[in-house]
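Visitor: Take a look at this one; I'll ask things after.
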Ligand code: HEC
Ligand code: HEC
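Okay, here's the thing in structure tokens:
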């Protein structure tokens, strides 16, 4: 018996030490580092491309990166209470040390494709643009390099502190970069309405990311494979970090937008006003800069996605 207890004691001791060792490793070792690439990017100089880059950045990047000053010098993305630590989005202004002055154009592109920052570390699993066309990617970067007031140098730097949980998820590879292949990415022409709508809704404005079942189960490389594709229910944080479930925007006549008219859709997406006259939460970005060509293409595409009957509890009702 005594011998048994002794052996048990030794085994428990080993387990305790192993757990403490793993915990210390998670907490104190360096975050995993990945090779960085400087992709070839040719920045456009024509005014049409610059306007397109501005439109995408002001809609997509601004949502997470526009600070209180109005500049894209970063904002609180996730507070401590959410469980992943205190996470600040980066400073995208021209500043040489705090902002993108330290990035090469091709390093910004590589980060947007894979999530790998120029220091080799993962920029969380929050920001991936694997299917954005090469042309739109270059247009966004050209805008970030432009003399627009939002990207004028700001030295504001905040430090992200990942929680133990986030560190564990990154170190055990649950949060990881996307693979990169050098294949060219082309956007379909606007004249191919449904294909163009699909491109906008899945690769540029990420309607699919917010409107499928969950950020955790989304398939970023092949959005159609995301569970609950466009069925809604994904909790999205509003500016006060209140979670608002996204809605079913498949053509389901009751749960989705099957009975909506194109005008109603246009108003909801551009101005955030539902057909019943109620305002949508600002967790739903306003696509006020998008014109009829873009919104009508998204509408045409959404008519073709598989109908889901997902019921989403309406926020604020
Ligand atoms: C859903 C929110 C979200 C969106 C949308 C988003 N970002 Fe980010 N971005 C983040 C967060 C959060 C970080 C910081 C992650 C970290 O450092 O751990 C970040 C980091 C970055 C960095 C790295 C900065 C640094 O200091 O190394 C760059 C560059 C960047 N984003 C560019 C962009 C661009 C360009 C767009 C638009 C095409 C964009 N982001 C859209 C959330 C977002
Ligand atoms: C950052 C996450 C996010 C993105 C990106 C996003 N949405 Fe939403 N959307 C939401 C949330 C959350 C709601 C629910 C708001 C509420 O209940 O007040 C919503 C609501 C809607 C509604 C209203 C549906 C209803 O039944 O009232 C429509 C339509 C819609 N979104 C379309 C789109 C389209 C089209 C895109 C892409 C161009 C898009 N959304 C991108 C989060 C998002």
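In our numbering, the protein residues as written are 1 to 317.
Backbone N, C-alpha and C fix where the C-beta goes; we use that ideal spot for every residue, glycine too.
Bridge partners of residue 88, per DSSP?
Guide: Along the chain shown, read from residue 1 onward, the residue named residue 88 stands at position 88. BP columns for residue 88 point to 76.
Visitor: With respect to 6 Å, is the separation between the Cβ of residue 284 and the closest non-hydrogen atom of ligand 2 below this value?
Guide: As a position in the chain shown, residue 284 is number 284, starting the count at 1. Within the cutoff, so yes.
Visitor: For residue 124 versus residue 34, is the C-beta distance shorter than 7 Å?
Guide: The sequence position of residue 124 within the chain shown is 124, counting from 1. The sequence position of residue 34 within the chain shown is 34, counting from 1. The answer is no: Cβ separation not under 7 Å.
Visitor: Counting beta carbon pairs with one atom in the stretch 139-155 and one in the stretch 43-54, are three or more of them shorter than 8 Å?
Guide: Yes, the stretch 43-54 touches the stretch 139-155.
Visitor: Excluding the 5 residues flanking residue 187 on each side, which residues of the same chain have their C-beta closer than 7 Å to its C-beta?
Guide: In the chain shown, the residue the question calls residue 187 occupies position 187. Excluding positions up to five away in sequence, the list reads 133, 135, 136, 199.
Visitor: Would you list the residues sitting across from residue 273 in a DSSP beta bridge?
Guide: Locating residue 273 in the chain shown gives position 273, counting from the first residue. 279.
Visitor: Spatial neighbours of residue 142 within its chain, please: CB distance less than 8 Å, with the 5 preceding and 5 following residues excluded, ordered by chain position.
Guide: Reading the chain shown from its first residue, position 142 is the one you call residue 142. Closer than 8 Å at the Cβ level, and outside the excluded window around residue 142, lie 43, 44, 45, 49, 50, 53.
Visitor: Considering only the beta carbon of each residue, do residue 212 and residue 197 sit closer than 7 Å?
Guide: Residue numbering aside, residue 212 sits at position 212 when the chain shown is read from its first letter. Residue numbering aside, residue 197 sits at position 197 when the chain shown is read from its first letter. Going by C-beta atoms, residue 212 is not nearer than 7 Å to residue 197.
Visitor: DSSP three-state call for residue 244: helix, strand or coil?
Guide: Walking along the chain shown from the start, residue 244 turns up at place 244. If DSSP states are grouped into helix, strand and coil, residue 244 belongs with the strands.
Visitor: In the DSSP assignment, find the beta strand (DSSP E) that holds residue 151 and state where it starts and stops.
Guide: Here residue 151 refers to the residue found at position 151 of the chain shown. Residue 151 -> no beta strand (DSSP E), and no H or E assigned at all.
Visitor: Quick one: is the Cβ of residue 89 within less than 6 Å of any heavy atom of ligand 1?
Guide: Taking the chain shown and counting its residues from 1, the one referred to as residue 89 is at position 89. Because some heavy atom of ligand 1 lies under 6 Å away, the Cβ of residue 89 counts as near it: yes.
Visitor: Under 7 Å between the Cβ atoms of residue 103 and residue 113?
Guide: As a position in the chain shown, residue 103 is number 103, starting the count at 1. As a position in the chain shown, residue 113 is number 113, starting the count at 1. Cβ atoms of residue 103 and residue 113: not closer than 7 Å.
Visitor: Exposed or buried, what is residue 316 when buried is set at 16 or more other beta-carbons lying within 10 Å of its beta-carbon?
Guide: One-based indexing of the chain shown puts residue 316 at position 316. The pLDDT assigned to residue 316 is 40, lower than 50, so where the model puts this residue is not dependable; a value taken from the coordinates is nonetheless given after this. It counts as exposed.
Visitor: If I follow the unbroken alpha helix (DSSP H) through residue 201, where does it start and stop?
Guide: Locating residue 201 in the chain shown gives position 201, where the first residue counts as 1. Segment: none, residue 201 is in no alpha helix (DSSP H) and carries neither H nor E.
Visitor: Less than 7 Å between the C-beta atoms of residue 232 and residue 247, yes or no?
Guide: Here the question's residue 232 lines up with position 232 in the chain shown. Here the question's residue 247 lines up with position 247 in the chain shown. Their beta carbons are under 7 Å apart, which means residue 232 touches residue 247 by this criterion.
Visitor: Which same chain residues end up closer than 7 Å to residue 9 when comparing Cβ atoms and leaving out the 5 residues on each side of it in sequence?
Guide: One-based indexing of the chain shown puts residue 9 at position 9. No residues qualify anywhere along the chain.
Visitor: With distances taken from CA atoms, which of 171, 274, 100, 180 is nearest residue 24?
Guide: The residue given as residue 24 occupies position 24 in the chain shown. Selected option, being the one with the closest Cα: 171.
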